[in-house]
Amino acid sequence: SQQGEEDPQALSIQEGENATMNCSYKTSINNLQWYRQNSGRGLVHLILIRSNEREKHSGRLRVTLDTSKKSSSLLITASRAADTASYFCATDAEDYKLSFGAGTTVTVRA
Amino acid sequence: KAGVTQTPRYLIKTRGQQVTLSCSPISGHRSVSWYQQTPGQGLQFLFEYFSETQRNKGNFPGRFSGRQFSNSRSEMNVSTLELGDSALYLCASSLELTYEQYFGPGTRLTVT
């Protein structure tokens, strides 16, 4: 089974609204990463948060990490049509192996 | 800096055949990972190479193999193709596996 699980599976929002998705994982990690994938293409790295960090920002992205609950959230503020994509969290719980969750599909409506 | 390149981009093969996919990492990156992505199973880790050594392998049968050359370029091979091997195969490179991964555009393999 996958280490990370995203919630919700799908999200539809209006342009300008915020989008929040969550990732839960099972075992201790060194860091957690978020990636974006536009339809059928390669993944693009968004942000990496280390296990000793609680929050990180990058542009319109805000990531939080709660190691006690083994969960992370990704917030996209003021969404745009270009944010329509699938978002994945990835964890490094196992040596030399990144495990990806099933992803959250975000649709931003104009 | 040139990104990660994968060749070919699209491939159609018949059951029972074998296939070799190629990945050229970003210059200076020594870690190369391979993933299989399907609608049903999502992104599944295949293996990771670092300085020509396989450091970890996912839960795939022995028909899936790979290697890395001294210039960090990597290939993966799938023998005796099955219909279920139809997928998007993604390659990613990084300075170290747990760092930011740079993904290639993928190879779309269709097995008929």
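Just so you know, the protein sequences line up as chains Y and A, in that order.
Residue numbers for the first sequence follow my numbering, so the first one is 58 and each next one is one higher.
Residue numbers for the second sequence follow my numbering, so the first one is 4 and each next one is one higher.
Every residue, glycine too, gets a C-beta built ideally from N, C-alpha and C.
Check                                                                                                                                                           : Outcome
Assuming Y:Q71 is part of the beta strand (DSSP E), what are its boundary residues?                                                                             : 67-71
Run the CB neighbour count on Y:H114, radius 10 Å, all protein chains shown included, and call it buried at 16 or more, exposed below.                          : exposed
Looking only at its chain, what residues have a beta carbon closer than 7 Å to the beta carbon of A:G61, apart from the 5 residues adjacent to it on each side? : Q47, F48, L49, F50
For A:T41, count neighbouring Cβ atoms within 10 angstroms of its own Cβ and tell me buried if that reaches 16, exposed if not.                                 : exposed
Compute the distance between the beta-carbons of A:G45 and Y:A159, then report whether it is under 8 Å.                                                         : yes
Using a Cβ cut-off of 8 Å (strictly closer), state whether A:L112 contacts chain Y.                                                                             : no
Determine the chain Y residues that contact A:Q104 at a beta-carbon separation under 9 Å, and present them in chain order.                                      : Q90, Y92, L100, H102, A147, L155
I'd like to know if A:T10 contacts chain Y, where contact means its C-beta is closer than 8 Å to some C-beta of that chain.                                     : no
Which residues does DSSP pair with A:Y92 in a beta bridge?                                                                                                      : A:Q39, A:T110
Is DSSP giving Y:A76 helix, strand or coil here?                                                                                                                : strand
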